[in-house]
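Undergrad: Sharing a structure with you now.
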Amino acid sequence: MHMHKYEKIWLTFGIACLFVFLTVIGVSAFAEGKQPPSCLTTIDPEKVDQTPPFNKPGLVKTGDNEYQLNIVVSAFAFTPNQIEIPKGAKVTINVTSKDVIHGFEVAGTNINMMVEPGYINTITKTFNQTGEYTILCNEYCGAGHHMMTGRIKVVE
Amino acid sequence: MMNETVKVDRRDAKLALAHIYVAFIALALGGLAGLLQTLVRSGKFQLPAGISYYTILTTHGVLLGLVLTTFFIIGFQFAAVSRTSGTFSNRVRFWGWVGFWTMTIGTATTAFFILTGQASVLYTFYAPLQAHAGFYLGLTLVVVGSWISGFATFVHYARWKKEHPGKASPLLTFMAVTNMVLWLVCTLGVAATVLIQLLPWSLGIVDRVNVLVSRTLFWYFGHPLVYFWLLPAYMVWYAVIPKVIGGKIFSDSLARLAFILFLFFSIPVGFHHQLLEPGITPFWKYVQVVLTFMVVIPSLMTAFAMFATFEAYGRSKGATGLFGWLRKLPWGDARFFAPFVGMLFFIPAGAGGIINASHQMDQVVHNTIWVTGHFHLTVATTVVLTFFGAAYWLVPHLSGRVMTKAMNRLAIIQTVVWAVGMSFMSGSMHFAGLLGAPRRSAFSTYGNSPQALEWIPYQIAQAVGGTILFIGIILVLVIITNLAFFAPKGETEFPVAEAAEPQERAALAMDNWKLWIGITIALILIAYTVPFIDMIQNAPPGSKGYKLW
Amino acid sequence: MAKPELQRTKTNTKKMKEHDTSLKGTLASVFLLGFFIIFSWVSVYFLFLHRL
């Protein structure tokens with residue numbers, strides 16, 4: 001199979017670019033730990049209210065400037081939905097669903113994950129700037145999908 | 001090629017046309033739904049009579065994503081195979097009709113349950129949202145019908161090979177067969193989740209469903225689905241456009257190689273739609289990210305082949321300078337212009353696709369309206385404009401008519417309208433998505449959140465774009481109706497290009513289906529076996545069905 | 001057996017073709033496309049880093 005010299009140059013360049021992209025995200029994910037949310041912990045979706053930590057949803061201090069934020073997601077609400085976080089706090093957000101699939105997004109941040117019944121999902125973020133962020137559901141879950149919302153306030 | 005017919009047999013033409021009619025009816029209805037969606041999301045309009053935004057959204061996705069595409073593709077491929085490998089036998093044509101009616105009855109069934117509000121589950125129908133069983137049954141019929149048509153194509157191809165020992169199959173036939181093999185292998189996933197999980201569950205035979213397994217089977221199908229849309233557009237680009245402009249196919253064997261690479265790498269990549277979900281380890285997500293990047297390669301090859309075809313043609317007409325060949329292209333011919341604009345839009349579309357598939361970078365864009373903007377470039381511009389461009393010769397060829405100059409001019413205008421409308425709509429979707437605006441959501445200010453209020457100007461721009469696009473849909477429907485029923489009678493060419501230098505031996509080596517299918521299955525097993533077993537072994541309690549709309 | 005022959009036709013067509021038509025416009029076009037992809041990808045990657 002004959003290939004033109006210029007096509008060889010182009011494909012070499014193109015494929016090299018793809019591998020550079022893959023290396024950048026691969027190193028960032030596997031060496032620096034910036035993996036996409038991929039929690040493997042399971043939970044009985046009908047017993048979320050009885051299962052710790054979701055039996056007492058909310059913000060819990062776990063260490064010096066470290067927090068856990070446990071949020072129960074259901075049609076069509078986040079519990080809790082008004083959260084105050086001190087500036088500079090490192091927060092691990094745990095979410096799970098009591099019914100159908102939802103999305104958990106904090107607009108304008110990298111906090112974006114699927115919330116699926118039977119699984120806990122988790123992401124960690126350090127809030128370095130004060131301000132107000134909108135929480136919303138970004139996976140269709142029914143008639144009230146677009147009404148699901150909440151706020152995170154990062155305060156001094 | 002003894003068997004090659006210059007004109008598609010009248011009986012085969014009827015079969016192809018029937019598919020194309022259904023496709024354009026779906027475009028009319030699905031396009032109207034799309035217009036309503038953009039208007040609702042602007043915040044300035046509300047749907048009358050208590051119609052739900054999500055019913056409209058489900059209608060739009062199913063009619064345009066599944067019905068328009070599948071019907072047009074099968075119709076086009078039937079015509080292309082009949083044109084390049086000879087008239088169908090009565091038996092093949094009979095099964096083609098069986099496939100057509102099975103798909104049509106399935107479509108009507110599904111549409112009924114969507115429009116009566118019993119299946120507002122969107123076209124991805126993620127469990128545990130539970131639609132009426134009739135919705136799943138209708139979709140099953142659509143898929144089964146497409147399988148019947150696929151096998152009819154294979155039987156015809158096998159007969160051609162038997163009658164032409166030692167000869168490479170005609171390029172368009174080879175490509176159609178590749179696409180149907182891809183389709184058959186990938187639809188096994190959606191068939192498995194619908195038949196084994198969702199149908200028994202919606203009928204009440206089983207109580208609970210494994211949500212993650214169902215999603216994984218869906219996305220095993222969902223990504224190759226987009227390549228099933230794209231490959232027929234590539235068929236037009238590789239095998240038809242060179243003839244339309246008066247040039248040659250840049251390389252027949254590299255075109256075949258690109259198609260085989262699509263077969264290999266478009267299936268074992270479904271996890272890139274599931275990058276942010278629990279229950280799958282980052283390692284297996286990354287494996288599929290790497291495989292996803294491999295599927296970019298045949299598109300890089302295609303980009304080169306297209307430019308090379310155009311440049312070689314332009315230089316043969318005396319073009320000079322670095323880009324002088326661009327001036328020699330037939331800009332006034334809608335058969336060229338519409339697909340060409342489609343090609344241009346594939347550049348930002350492809351760039352966006354690489355971003356979407358980049359593992360943790362998906363956190364920036366996942367389920368935001370950026371993604372909607374992305375696939376309105378890929379399928380709703382690149383693929384659809386190419387299909388329109390193909391219809392401008394295919395429909396009159398099949399109906400025994402000719403496209404008038406006035407209709408050609410209207411088709412050029414249609415293409416420009418589409419490009420402008422889509423730039424507004426998809427462009428603003430991309431930017432709003434980067435700011436966090438979600439997809440698949442009715443208008444909402446999220447409790448007057450300052451962030452959500454910032455998205456509204458973009459949503460208004462989407463409504464402007466959506467309105468312009470709807471005008472584009474009206475124009476194309478006028479043109480297609482004219483070409484099918486009212487244009488002057490006459491002969492229209494079905495353009496099939498020849499290779500610049502035939503490489504029979506290399507092309508013949510490409511007809512090695514046992515090897516290609518073997519490699520395809522091996523890659524699927526590598527990508528899916530371990531994580532799939534994990535999902536089942538570590539499964540949480542299953543989910544009951546919910547009707548939350 | 002057939003191999004040497006195959007090789008020869010290969011080099012022949014190669015010479016013929018690259019002599020025949022210049023594809024420098026094609027090379028320039030695909031590289032412009034490539035730079036666009038790199039630019040888009042890097043932009044969103046920096047947005048990701050910025051939002052960490």
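Chains as they are written, first to last, in the UniProt record's numbering: chain F, 1 to 156; chain Y, 1 to 549; chain X, 1 to 52.
Note that beta-carbon positions come from the ideal geometry of N, C-alpha and C, so glycine has one too.
Name, please, each residue of chain Y whose Cβ falls closer than 8 Å to the Cβ of F/L11.
TA: Within the first sequence, the letter at position 11 stands for residue 11 of chain F. Near F/L11 (Cβ distances below 8 Å), the residues of chain Y are I297, L300, M301, F304.
Undergrad: To the nearest angstrom, report how far apart Y/Q462 and Y/G447 are at their CA atoms.
TA: In the second sequence, counting from the first residue as 1, residue 462 of chain Y sits at position 462. In the second sequence, counting from the first residue as 1, residue 447 of chain Y sits at position 447. Rounded to whole angstroms, Y/Q462 and Y/G447 show a C-alpha spacing of 22 Å.
Undergrad: Can you grab the Cα-Cα spacing for the pair residue 157 of chain F / Y/A111, in whole Å?
TA: The structure shown does not extend to residue 157 of chain F, since chain F is modelled only from 1 through 156, so no value can be given for it.
Undergrad: Whose Cβ in chain X lies nearer than 7 Å to the Cβ of F/T109?
TA: One-based indexing of the first sequence puts residue 109 of chain F at position 109. Per Cβ cutoff of 7 Å: R51.
Undergrad: Would you say Y/I148 and Y/V81 are within 8 Å of each other, going by their C-beta atoms?
TA: For this step, residue 148 of chain Y is matched to residue 148 along the second sequence. For this step, residue 81 of chain Y is matched to residue 81 along the second sequence. Result no, Cβ atoms of Y/I148 and Y/V81 do not sit closer than 8 Å.
Undergrad: Under a CB-based cut-off of 8 Å, is X/K3 close to chain F?
TA: Here residue 3 of chain X is taken as the residue at index 3 of the third sequence, counted from 1. A caution first: X/K3 carries a pLDDT of 43, below 50, which makes its placement in the model unreliable, though a value can still be read off. No, X/K3 lies away from the interface with chain F (no Cβ there is under 8 Å from its Cβ).
Undergrad: Let me know if X/T26 comes out buried or exposed under the rule of 16 or more other beta-carbons within 10 Å of its beta-carbon.
TA: Locating residue 26 of chain X in the third sequence gives position 26, where the first residue counts as 1. So X/T26 counts as buried.
Undergrad: Let me check understanding here. Comparing Cα to Cα, which of F/I135, F/I123, F/S97, F/P36 lies closest to F/V115?
TA: Numbered from its first residue, the first sequence carries residue 115 of chain F at position 115. Per the Cα distances, F/S97.
Undergrad: Residues of chain X with CB under 7 Å from F/F21, in chain order?
TA: In the first sequence, counting from the first residue as 1, residue 21 of chain F sits at position 21. Neighbours of F/F21 on chain X, chain order: W41.
Undergrad: Of all the residues that make up the stretch 37 to 66 of chain F, which are near chain X by a beta-carbon distance shorter than 8 Å?
TA: none
Undergrad: State the start and end residues of the unbroken beta strand (DSSP E) segment that holds F/P86.
TA: For the purposes of this step, residue 86 of chain F is taken as the residue at position 86 of the first sequence. Start and end: 82 to 86.
Undergrad: Going straight from the alpha carbon of Y/L29 to that of Y/V530, what length do you get?
TA: Position 29 of the second sequence, counted from the start, is the residue given in the question as residue 29 of chain Y. Position 530 of the second sequence, counted from the start, is the residue given in the question as residue 530 of chain Y. Cα-Cα distance, rounded: 42 Å.
Undergrad: For chain Y, is any of its Cβ atoms less than 8 Å away from the one on F/S28?
TA: As a position in the first sequence, residue 28 of chain F is number 28, starting the count at 1. By this cut-off, F/S28 is an interface position.
Undergrad: Applying a beta-carbon distance threshold of less than 9 Å, which residues of chain X neighbour Y/F323?
TA: Taking the second sequence and counting its residues from 1, one reaches residue 323 of chain Y at position 323. Those are G25, A28, S29, listed as they occur along chain X.
Undergrad: Across the stretch 372 to 381 of chain Y and the stretch 426 to 434 of chain Y, are there enough close Cβ pairs to call them in contact, namely three or more that are closer than 8 Å?
TA: yes
Undergrad: Round the Cβ separation of Y/A499 and Y/I249 to the nearest angstrom and send it over; I've been treating them as touching at under 8 Å.
TA: Along the second sequence, one-based indexing puts residue 499 of chain Y at 499. Along the second sequence, one-based indexing puts residue 249 of chain Y at 249. Separation of the CB atoms of Y/A499 and Y/I249 is rounded to 5 Å, and the pair is thereby assigned contact status at 8 Å.
Undergrad: Would you tell me roughly how many angstroms separate the C-alpha atoms of Y/Y123 and Y/T59, rounded to the nearest one?
TA: As a position in the second sequence, residue 123 of chain Y is number 123, starting the count at 1. As a position in the second sequence, residue 59 of chain Y is number 59, starting the count at 1. Looking at the two C-alpha atoms, the distance is approximately 8 Å.
Undergrad: Does the separation of the CB atoms of X/F31 and Y/M361 fall below 8 Å?
TA: Residue 31 of chain X sits at position 31 when you count from the first residue of the third sequence. Residue 361 of chain Y sits at position 361 when you count from the first residue of the second sequence. It is not a contact, given that the beta carbons lie outside the stated cut-off.
Undergrad: In the DSSP output, what is F/A77 paired with across the bridge?
TA: Reading the first sequence from its first residue, position 77 is the one you call residue 77 of chain F. Paired residues: F/S74.
Undergrad: Give the DSSP bridge partners of F/R151, in chain order.
TA: On the first sequence, residue 151 of chain F is found 151 positions in, with the first residue counted as 1. F/Q82, F/T134.
Undergrad: With respect to the beta strand (DSSP E) encompassing F/E105, which residues constitute its N-terminal and C-terminal limits?
TA: As a working mapping, residue 105 of chain F is identified with position 105 in the first sequence. Its beta strand (DSSP E) spans residues 102 to 106.
Undergrad: Name, please, each residue of chain F whose Cβ falls closer than 7 Å to the Cβ of Y/Y286.
TA: Translated into the one-based positions of the second sequence, residue 286 of chain Y becomes position 286. Result: G26, A29.
Undergrad: Given this structure, state the Cα-to-Cα distance separating Y/L32 from Y/A16, to the nearest angstrom.
TA: Position 32 of the second sequence, counted from the start, is the residue given in the question as residue 32 of chain Y. Position 16 of the second sequence, counted from the start, is the residue given in the question as residue 16 of chain Y. So the alpha carbons of these two residues sit roughly 25 Å apart.
Undergrad: Between the stretch 433 to 454 of chain Y and chain F, which residues of the former have a C-beta closer than 8 Å to a C-beta of the latter?
TA: So the close ones are L435, G436, A437, P438, R439, R440, S441, A442, F443, S444, Y446, G447, S449, P450, Q451, A452.
Undergrad: Apart from the five residues just before and just after Y/Q503, which ones in its own chain have a Cβ nearer than 8 Å to its Cβ?
TA: Within the second sequence, residue 503 of chain Y is the residue found at index 503, counting from 1. Excluding sequence neighbours, Y/Q503 sits near S251, D252, S253.
Undergrad: Got a sec: is the Cβ-Cβ distance from F/V136 to anything in chain Y below 8 Å?
TA: If you number the first sequence from 1, residue 136 of chain F lands on position 136. In the sequence under discussion, the amino acid at residue 136 of chain F is Leu, which differs from the Val named in the question. Chain Y contact via Cβ: present.
Undergrad: Taking only the alpha-carbon atoms, compute the straight-line gap between X/S29 and Y/W325 and give it to the nearest angstrom.
TA: The count along the third sequence starts at 1 and reaches residue 29 of chain X at position 29. The count along the second sequence starts at 1 and reaches residue 325 of chain Y at position 325. If I take the Cα positions, the gap works out to 12 Å.
Undergrad: With 16 other CB atoms within 10 Å as the buried threshold, where does Y/F264 fall?
TA: Translated into positions along the second sequence, residue 264 of chain Y becomes position 264. Around the Cβ of Y/F264, a 10 Å sphere holds 16 or more other Cβ atoms; the residue is buried.
Undergrad: Please decide whether X/L33 counts as near chain Y, where near means a Cβ-Cβ distance under 8 Å.
TA: If you number the third sequence from 1, residue 33 of chain X lands on position 33. Yes - at least one Cβ of chain Y is within 8 Å of the one on X/L33.
Undergrad: Among the candidates Y/S214, Y/Q77, Y/S202, whose CA atom is the shortest distance from the CA of Y/G134?
TA: Here residue 134 of chain Y corresponds to residue number 134 of the second sequence, with the count starting at 1. Looking at the Cα atoms, Y/S202 is the closest of the given residues.
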